[in-house]
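With this note's numbering, letter number 165 in the sequence shown gets 165, and the count goes up by one each step, no holes.
Below is one structure, written out as structure tokens, with a few remarks after it.
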Amino acid sequence: MVFIFLRSLAYNILFYFLLILWFIVAIPTFVMPRAALMTLVRIWSRQNTWLLRVVCKVKVEYRGVEKIPKGPLVVASKHQSMWETFGLLPWFDQPLYILKRELTRIPFFGWYVIKAGMIAVDRSAGGRALLKMVRQASEEVRHGRQLIIFPEGTRRPPGAPPDYKPGVAQLYASCRESCLPVALNSGLFWPRRTFMRYPGTLVVEFLDPVPPGLPRDEFLARISTVIEDATRRLVETGQREQAKLLRRPEGSASAKA
């Protein structure tokens, strides 16, 4: 466990060092098209995934990449850790996130968020802000972007009861495009609320796209079922692997962090 601690510490130092470095390197993109910034963001994302493997012994495996549709799309991903906020980026040409407006006020980070054309929401504004967000998101998707959303709204540890919000169904209905469900087990290796990074195989699985036009209730039930079933399978496999690597009972430690 001491080695895991030291590897985690080294990774986190390198993670933030690279973040600051790329903040500086990317400054010229403020006067360039958005595509230039997104190219650098993808490089940064791949670097961090590579570092995760080299430093923390976390291999990342992507499955079902052939199922990713081209063009406008809604991506509904399971959310267990901070990793998927950047780990999914390389697979989409024009990714789009919805985030809190407060994040746009952070120096450099917020400026790049604005430059990347992400949608900032003022949650204190209530229903009007949500309606505006839905309109903005649907317009951006119709212009060819891929909206990446986390249907549960926040990170949920592996094994936690699902909590899918109706907002994802509203966005799906408004965008009128296919939805790509994504299952993963990242919470076993990059748990929330800790800087520890545990070894093993982090698996991301792109599932069969859901066609547009389904009633909202049917859509929500469908994606929650397919995402949860696949995630449960991935988590169970990951726990068995971790039990061997860390020599502890399956379903313990990082899964409950």
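Just so you know, even glycine gets a beta-carbon here, dropped at the ideal spot from N, CA and C.
Here the structure is a predicted model, which means the values were calculated and not measured.
(1) Quick one: what's got a C-beta closer than 8 Å to Phe23's C-beta in the same chain, skipping five residues either side?
(2) Nearest to Pro215 by alpha carbon, out of Ser174, Gly238 and Trp190?
(3) Could you give the residue range of the alpha helix (DSSP H) that holds Ala137?
(4) With 16 as the cutoff for other CB atoms within 10 Å, does Glu66 come out buried or exposed?
(5) Quick check on Met38: buried or exposed, where buried means 16 or more other Cβ atoms within 10 Å of its Cβ?
(6) If you drop the 5 nearest sequence neighbours on each side, which residues of the same chain put their C-beta closer than 8 Å to that of Ala253?
(7) Within the same chain, show all residues whose beta-carbon is closer than 8 Å to that of Leu88, passing over the 5 residues directly before and after it, in chain order.
(8) Starting from the C-beta of Arg192, find all residues in its chain whose C-beta is less than 8 Å away, skip the five residues before and the five after it, and write them out in chain order.
(9) Apart from the five residues on each side of it in sequence, which residues of its chain come closer than 7 Å, Cβ to Cβ, to Gly71?
(10) So what does Phe206 bridge to, in DSSP terms?
(11) Is any non-hydrogen atom of the ligand GDP found closer than 7 Å to the C-beta of Met1, if you look at the structure I gave you?
(12) So, for Val58: in the same chain, excluding its five sequence neighbours on each side, which residues have a beta-carbon less than 7 Å away from its beta-carbon?
(13) Is DSSP giving Glu241 helix, strand or coil here?
(14) Alpha carbon to alpha carbon, how far is Phe92 from Gln146?
(15) Bridge partners for Leu96 per DSSP, in chain order?
(16) Taking all protein chains shown into account, decide if Trp50 is buried (16 or more other Cβ within 10 angstroms of its Cβ) or exposed.
(17) Check whether the Cβ atoms of Leu21 and Asn48 lie closer than 8 Å to each other.
In short, the structure shows the following:
(1) One-based indexing of the sequence shown puts residue 23 at position 23. Phe108, Phe109 and Tyr112, listed in sequence order.
(2) Sequence index remark: in the sequence shown, residue 215 carries index 215 (1-based). Taking only the C-alpha atoms, the option nearest Pro215 is Ser174.
(3) Within the sequence shown, the letter at position 137 stands for residue 137. Ala137 -> alpha helix (DSSP H) spans Gly127 to Arg142.
(4) Counting from one through the sequence shown, the residue named residue 66 turns up at place 66. Exposed: under 16 other Cβ atoms inside 10 Å.
(5) Sequence index remark: in the sequence shown, residue 38 carries index 38 (1-based). With 16 or more Cβ atoms within 10 Å of its Cβ, Met38 is classed as buried.
(6) By 1-based counting over the sequence shown, the position of residue 253 is 253. Note that Ala253 has pLDDT 45, beneath the 50 cutoff, so the model's placement of it is unreliable and the number below is only indicative. Taken in chain order, the residues that qualify are Tyr198, Gln242 and Leu246.
(7) Residue numbering aside, residue 88 sits at position 88 when the sequence shown is read from its first letter. If we look at Leu88 and ignore the five residues flanking it on each side, its Cβ neighbours are Val75, Ser77, Pro95, Ile148, Val182 and Val204.
(8) On the sequence shown, position 192 is the one that residue 192 refers to. The residues are Gln80, Ser81, Met82, Arg155, Pro157 and Ala257.
(9) For the purposes of this step, residue 71 is taken as residue 71 along the sequence shown, with counting starting at 1. Taken in chain order, the residues that qualify are Gly144.
(10) Residue mapping note: residue 206 aligns to position 206 of the sequence shown, counting from 1. Note: Phe206 sits in a beta bridge opposite Val182.
(11) Absent from the structure shown: the ligand GDP. Ligands present: none.
(12) Translated into positions along the sequence shown, residue 58 becomes position 58. Same-chain partners within the cutoff: Leu52, Phe189, Arg197, Pro199, Gly200 and Leu202.
(13) Here residue 241 refers to the residue found at position 241 of the sequence shown. If DSSP states are grouped into helix, strand and coil, Glu241 belongs with the helices.
(14) To locate residue 92, count along the sequence shown from 1; it is residue 92. To locate residue 146, count along the sequence shown from 1; it is residue 146. The straight-line gap from Cα to Cα measures roughly 7 Å.
(15) Along the sequence shown, read from residue 1 onward, the residue named residue 96 stands at position 96. DSSP lists Leu147 as partners of Leu96.
(16) Within the sequence shown, the letter at position 50 stands for residue 50. Its Cβ having fewer than 16 others within 10 Å, Trp50 is exposed.
(17) Walking along the sequence shown from the start, residue 21 turns up at place 21. Walking along the sequence shown from the start, residue 48 turns up at place 48. No, they are not a contact pair.
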